[in-house]
Amino acid sequence: MKSAMITGITGQDGAYLARLLLKKGYIVHGALRRSAQPALTRLQALGIAGKVQLHDFDLCDENSILRLVRDVKVDEFYNLAAQSFVGASWDVPVFTSDANAMGVVRILDALRTFAPQTRYYQASTSEMFGCVREVPQRETTALYPRSPYGVAKVYGHYITGNYRESFGMHASSGILFNHESPLRGAEFVTRKITLGLSRLARGGTDPLVLGNLDAQRDWGFAGDYVEGMWRMLQQDQPDDYVLATGVTTPIRDFVSHAAEALGMRLEWTGQGTQAKADDRITGKRIVEVSERFFRPAEVDLLIGDPAKAQRSLGWRATVGVRELATMMARADYDAAA
Ligand code: NDP
Ligand code: GDP
2 MKSAMITGIT
12 GQDGAYLARL
22 LLKKGYIVHG
32 ALRRSAQPAL
42 TRLQALGIAG
52 KVQLHDFDLC
62 DENSILRLVR
72 DVKVDEFYNL
82 AAQSFVGASW
92 DVPVFTSDAN
102 AMGVVRILDA
112 LRTFAPQTRY
122 YQASTSEMFG
132 CVREVPQRET
142 TALYPRSPYG
152 VAKVYGHYIT
162 GNYRESFGMH
172 ASSGILFNHE
182 SPLRGAEFVT
192 RKITLGLSRL
202 ARGGTDPLVL
212 GNLDAQRDWG
222 FAGDYVEGMW
232 RMLQQDQPDD
242 YVLATGVTTP
252 IRDFVSHAAE
262 ALGMRLEWTG
272 QGTQAKADDR
282 ITGKRIVEVS
292 ERFFRPAEVD
302 LLIGDPAKAQ
312 RSLGWRATVG
322 VRELATMMAR
332 ADYDAAA
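FYI, the numbering used here numbers position 39 of the sequence shown as 40, with every residue one higher than the one before it.
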């Protein structure tokens, strides 16, 4: 029976990955940081809260990582924990760097010392491409991060490759483009949209207030992406892989897709901060824009080329953006009943 450690098990990807590994017969360990009220809601939502063994640790506390790696021996170690919200990374840049950059080398060095045979997965991100140097972005595209989050993740990405080359560790990075689900954090734009629209569809009157509607993202379904993570660690050789759908969509269109799933037909007017959307059917104001949600530096366009993952891992995204928006909007609408 194989065993795995998942850091960030309380997060979106941690929950889906835990469910996938349990289905595959793994013993699943989860590492989480202490909080007054442990956030097990995602594990509960998937019906697996009692099926994983939980351990305390913190990316910013080296001793807790050393103890975790020394005491809990596993075949595979998935490092999904991070300060994962780009927007917050300008508010807490030092914490973001400590967790997302130094946290990675703390884990890798503990593995090198106590468990060098353990296979390691690093949660790298399309945010590393930032101000993109190539369209679409692939494993070889030059990096140009645009936020403290992206900069810290670049360090995590490079140190993973460096430990692979320096010490022969089976350490792989998944360069994952945005992936969403009904379990996505409410601060990310897709979930903010589906939660806001569900409230409006249930009779709410406060418009959804967003920032830059023109940014474009390559959005897939988180359930598909955790399968790709697992496949990376089943390869004989460690490597880096882009996971993406290969399709990019402006924020504005994601709003329209989600609204349509809830029976609204949006009419957009204005540009930039003057943009707004009303429901053609009811005349209700649905979307407004505020400077408040614009970022100090933006990532305008992300679109990934998943050819290598398709070729080497036999992986492909199975859920398109319209289906994803519909899935998330309906889940939020039903939950608000
Ligand atoms: P979430 O925000 O849902 O989960 C992040 C997890 O990290 C949570 O379990 C959180 O714990 C934990 N965490 C945060 N800080 C610490 C810390 N100091 N010590 C220990 N644990 C901590 O993110 P996702 O599941 O969406 O993403 C998983 C990983 O993939 C992240 O590394 C993210 O940066 C990366 N990624 C995500 C993408 C996406 O589109 N989802 C795209 C590309 C990369 P708590 O519950 O206590 O907050
Ligand atoms: P990111 O790609 O990891 O930054 O994921 P997000 O979901 O946080 O943001 C995706 C894009 O949506 C970015 O270009 C944001 O600028 C844009 N966006 C527009 N309005 C909002 C908003 O209200 N909240 C968030 N989180 N993003 C917004």
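Virtual Cβ for every residue (Gly too), placed ideally from N, Cα, C.
What does the alpha-carbon distance come out to for the pair residue i and residue j?
i: residue 135; j: residue 142; result: 6 Å
i: residue 99; j: residue 27; result: 30 Å
i: residue 240; j: residue 232; result: 11 Å
i: residue 326; j: residue 258; result: 6 Å
i: residue 324; j: residue 318; result: 12 Å
i: residue 328; j: residue 184; result: 11 Å
i: residue 261; j: residue 55; result: 40 Å
i: residue 316; j: residue 189; result: 25 Å
i: residue 177; j: residue 234; result: 15 Å
i: residue 266; j: residue 282; result: 7 Å
i: residue 191; j: residue 255; result: 7 Å
i: residue 288; j: residue 333; result: 17 Å
i: residue 170; j: residue 119; result: 8 Å
i: residue 122; j: residue 85; result: 16 Å
i: residue 149; j: residue 95; result: 8 Å
i: residue 139; j: residue 206; result: 43 Å
i: residue 6; j: residue 168; result: 21 Å
Where does residue i sit, in a helix, a strand or coil, going by DSSP?
i: residue 179; result: coil
i: residue 154; result: helix
i: residue 56; result: strand
i: residue 238; result: coil
i: residue 145; result: coil
i: residue 80; result: strand
i: residue 286; result: strand
i: residue 264; result: coil
i: residue 174; result: strand
i: residue 39; result: coil
i: residue 269; result: strand
Buried or exposed for residue i, going by 16 or more other Cβ atoms inside 10 Å?
i: residue 195; result: buried
i: residue 304; result: buried
i: residue 181; result: buried
i: residue 202; result: buried
i: residue 42; result: exposed
i: residue 117; result: exposed
i: residue 210; result: exposed
i: residue 291; result: exposed
i: residue 107; result: buried
Below 8 Å on the Cβ atoms is my guess for residue i versus residue j; work out the distance and round it to an integer in Å.
i: residue 75; j: residue 4; result: 4 Å
Check whether the region 107-118 and the region 210-228 touch, using three or more Cβ-Cβ pairs below 8 Å as the test. Touching, no, given that fewer than three Cβ pairs across the two stretches are closer than 8 Å.
Touch check for the region 208-218 and the region 240-254: three-plus C-beta pairs under 8 Å? yes
Looking at C-beta atoms only, is the number of pairs between the region 11-24 and the region 36-47 that lie closer than 8 Å three or more? yes
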